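*Asks:*
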Amino acid sequence: MGGPGVRLQAAPPAIEIEGLVKEYRGEDGRTFRAVDGLNLTVYRGEILGFLGPNGAGKTTTIKMILGLVWPDRGRITVEGIDAGRQRAEVLRRVGAVLEGNRNVYWDLTVYENLRYWGTLKQVPPAVLRTRAEELIEFFDLGEKRNTLVKQLSRGMQQKVAIACALIHDPSVILLDEPTLGLDVAAARMVKERVLELARVQGRTVILTTHQLDVAQELCDRVAIMSRGRLQALDATENLIALFSRQEYDFRVEGPVPLAELSRYGRVQALAEENGAGAATGPAAQTAAGSPPEAGVVRFRILLPDADALYEVMETLRRAGVRILAMAKREPGLEEIFLQVVGGQAGPGNHPGAGDWQFREEVAADD
Amino acid sequence: MISHLTSHLYLLLEEIRRLFVLMRRYWMNDLSFAITIYLLFLGVLYMGGALAGQAVPEQAKAATLVGMLMWQLSLGCMSVLGWSFYNEAAVGTLEHLYLSPFGATRIFLARSVANFLAMLVVTSISGALAILTTGVRLHLPPLELAVIVPLSVAGTYGFGFLIAALTLTFKRTQQVMQLFQFFFLIFTGAAIPLEQMHWSLQAFGEALPMTAGLRAMRAVTIAGAGLGDVTGDLVRMVITSAAWLALGIAVYRMADRRARLRGSIGQY
Ligand SMILES: Nc1ncnc2c1ncn2[C@@H]1O[C@H](COP(=O)(O)OP(=O)(O)OP(=O)(O)O)[C@@H](O)[C@H]1O
Ligand SMILES: [Mg+2]
């Protein structure tokens, strides 16, 4: 039970992937490497997020764990059991919801689906009945138990799919884009259940998603995959810290000494929060558009190190600028993701310096 | 844990339950199917008579009816291993069948048995309609039917596994399935007497599942023969059915292997 902090050292990890390779042959006969030497260990009880652009090889990897796709090379074990040699044993421990699929029968009811898929997972009938009831309650499907799945909302269908994937009480759950196509409320419902599966019930969850906020909210660790390879793998907060920079947002009042500040770091003007302009619009325009806030300026500065912040503060004080607010900027997973898959893997390489020039030509327009 | 055998029994019962739930829910489809075959029978019967310019002899009527009903039963394999296999592959539930520790082959075997039972119900409706409205008389000895019907139809499910293999490999197989539906109608002697065909087609027909079974069925239901009178065809139907099942499953497994190597089980 509990989060990743309570790992049992002796027990084999939930999933271990070594040197996994998968090549597909296209229509033209040429081979294409969808997964290219993947190594990955997933710990028991954690939620691991699998991120990556379209075609990165996430679904292929998930299907290889399930034995729906056979690897060309490499080894996968689930809780120490070889997925290639003892597939049936692995399938008893794993539940899965696949991407963009009907994962259950639409012309059966919720309960009929649970019973059907439970029987296919070799759950004994007596256990199956209680398990189905538990899942119906867990996913709040009581009122819909005798409704055909095709008549349910998209969010409920997804809950039924996850419930059926859990019918045999698997310790590992693979969810390929579990919140795809769901509205905000339905996605939140699914996210809450997923959290509970890991945090309360102690299951291991691997999920893929393109919604980075989902990964940031749920995942203990994030693996970023691109072109079949693992580009980054770390605890979500480490990844964020790793990519965090000495970058500060200021909201000030008074004559900002731009030239002088530029000596310490790259300065970028920001729109006033309550201004009508876009977030990156020129400060001067916004200031002109909102008279009560005249003289209030927002800017962002990227410094080479933390010490430079003293110089910036000192410069502002000497110029008689009043600091209304200041905050260190933390990158979101989205930014990290774009950097990693943008081919500039690794921290320290930050995107286009052009963005960071103060747009004096715009500011001087008035 | 439940024993190996028991869990397979549960699988079979669940497949039967699922199929009958669906039948009850969509009974219009099955009823339409029963009536379609009945109408087809009427068509064949009276068109044949009109072409010949005379009334069809009672024996020929009965032979046609038995042929049509056995053909109808043989179509069961198309519904479970043809059409619904194709649909499940296309919508994605097939991949979940593959996630069962039973393995897809056993699940589809259980489904075939369930489907056979459902088809017996549907075929009985067509048969009853035909008998009631055309005055055709058949002998229906329970023991003989219980032996011959399953034995002769079993092979068609083997043939069905071949269709499933084609679907796994070539994806769009609707046209092929339509073609194969008529295979059994023409080449097993269901609609046209096999003896009148060229010897090569006769040989081909004899190799198909159901041909021997159909002949035995006619002997039993029309001439009133017993099991002892049709031993030759009994042996033949056991051999063809076993061979077709073995061949179908073997080819299906090869297609399955190929699909997993290509990662194409769920790609439609
Ligand atoms: N059966 C297949 N045959 C040939 N190519 C395939 C097959 N399945 C996937 N691919 C290709 O392999 C690559 C990886 O696909 P995969 O579905 O694993 O990516 P993904 O990371 O899940 O992408 P997405 O975010 O779009 O779901 C893609 O370029 C895809 O087109
Ligand atoms: Mg995918």
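Line by line, the protein sequences are chains A and B. Position one of the first sequence corresponds to residue 1 (the working numbering), numbered consecutively onward. Position one of the second sequence corresponds to residue 1 (the working numbering), numbered consecutively onward. Yeah, the Cβ is synthetic: ideal placement off N, Cα and C, and Gly gets one too. Remember, predicted model here, so these are calculated numbers, not experimental data.
#1: At a Cβ threshold of 9 Å, is Leu290/B touching chain A?
#2: Can you give the Cα-Cα distance for Val80/B and Pro209/B, rounded to whole angstroms?
#3: Let's test the definition: count the other Cβ atoms within 10 Å of the Cβ of His168/A and tell me whether it reaches 16, buried, or not, exposed.
#4: Does DSSP classify Lys191/A as helix, strand or coil?
#5: Grab the span of the alpha helix (DSSP H) containing Met23/B for me, first residue to last.
#6: Since Ser244/A is in the beta strand (DSSP E), which residue starts that stretch and which ends it?
#7: Going by DSSP, what residues sit across from Gln268/A in a beta bridge?
#8: Assuming Glu15/B and Ala110/B are in contact, meaning their beta carbons sit under 8 Å apart, how far apart are those beta carbons, in whole angstroms?
#9: With ligand 2 as the reference, list in chain order each residue whose Cβ lies under 7 Å from any of its heavy atoms.
#10: With a threshold of 8 Å (Cβ to nearest heavy atom), would Gly277/B be considered close to ligand 1?
#11: Of all the options Val127/A, Gly228/A and Ile240/A, which has the alpha carbon lying nearest to the alpha carbon of Leu20/A?
#12: Looking only at its own chain, which residues have a Cβ that is under 7 Å from the Cβ of Lys22/A, when we skip the five neighbours before and after it?
#13: Alpha carbons only, please: which of Ala246/B, Ala242/B, Leu94/B and Arg24/B is nearest the one belonging to Asn101/A?
#14: List in chain order: all unbroken beta strand (DSSP E) runs of 3+ residues lying wholly within the stretch 161-197 of chain B.
#15: Classify Trp27/B: buried if its beta carbon has 16 or more other beta carbons within 10 angstroms, exposed otherwise.
#16: With which residues is Met225/A paired in a DSSP beta bridge?
#17: Measure the alpha-carbon distance for Ala276/A versus Val321/A and round it to whole angstroms.
#18: For Arg115/A, which of helix, strand or coil comes out of DSSP?
#19: Identify each residue in the stretch 58-92 of chain A for which the Cβ-Cβ distance to at least one residue of chain B is less than 7 Å, and report them in chain order.
#20: Compute the distance between the beta-carbons of Thr36/B and Gly48/B, then report whether it is under 9 Å.
#21: Do we get a CB-CB distance below 9 Å when we pair Pro178/A with the residues of chain B?
#22: With 7 Å as the C-beta to C-beta threshold (strictly closer), list the residues of the stretch 57-84 of chain B near chain A in chain order.
#23: Starting from Phe250/A, follow its DSSP beta bridges and name the residues at the other end.
#24: Please state the DSSP three-state secondary structure of Asp107/A.
#25: In this structure, how does DSSP classify Gly289/A when only helix, strand and coil are distinguished?
#26: May I ask which residues mark the beginning and end of the alpha helix (DSSP H) holding Val235/B?
#27: Since Asp213/A is in the alpha helix (DSSP H), which residue starts that stretch and which ends it?
#28: Please classify Leu108/A as buried or exposed, where buried requires at least 16 other C-beta atoms within 10 Å of its C-beta.
#29: Quick one: give me the first and last residue of the alpha helix (DSSP H) that Arg263/A is part of.
#30: Note down, in chain order, all residues in the stretch 26-40 of chain B with a beta-carbon under 7 Å from any beta-carbon belonging to chain A.
#31: With DSSP as the reference, label Thr315/A as helix, strand or coil.
#32: Would you say Ala34/A faces chain B, with C-beta separation under 9 Å as the test?
*Replies:* Per the coordinate set shown:
#1: A query on residue 290/B cannot be resolved here, the shown segment of chain B reaching from 1 to 268 and no further.
#2: 17 Å
#3: buried
#4: helix
#5: His4 to Arg25
#6: Ser244/A -> no beta strand (DSSP E), and no H or E assigned at all.
#7: Arg300/A
#8: 4 Å
#9: Lys58/A, Thr59/A, Glu99/A, Asp176/A, Glu177/A and Thr208/A
#10: Chain B is shown from 1 up to 268; residue 277/B falls before or after that span and cannot be answered.
#11: Gly228/A
#12: Ala34, Val35, Thr60, Met64, Val69, Pro71 and Asp72
#13: Leu94/B
#14: none
#15: exposed
#16: Leu230/A
#17: In this prediction, Ala276/A has a pLDDT of 40, which is less than 50 and means its spatial position is unreliable; what the coordinates show is noted afterwards. Answer to the nearest angstrom: the Cα atoms are 24 Å apart.
#18: helix
#19: Thr60, Lys63, Leu66, Leu68, Val69, Trp70, Ala88, Leu91 and Arg92
#20: no
#21: no
#22: none
#23: Phe299/A and Met326/A
#24: coil
#25: Only weak support is given to the placement of Gly289/A: the predicted model assigns it a pLDDT of 41, under 50, and the question is left unresolved by the model.
#26: Thr231 to Arg262
#27: Leu212 to Leu218
#28: buried
#29: Run containing Arg263/A: none; DSSP gives neither H nor E here.
#30: none
#31: helix
#32: yes
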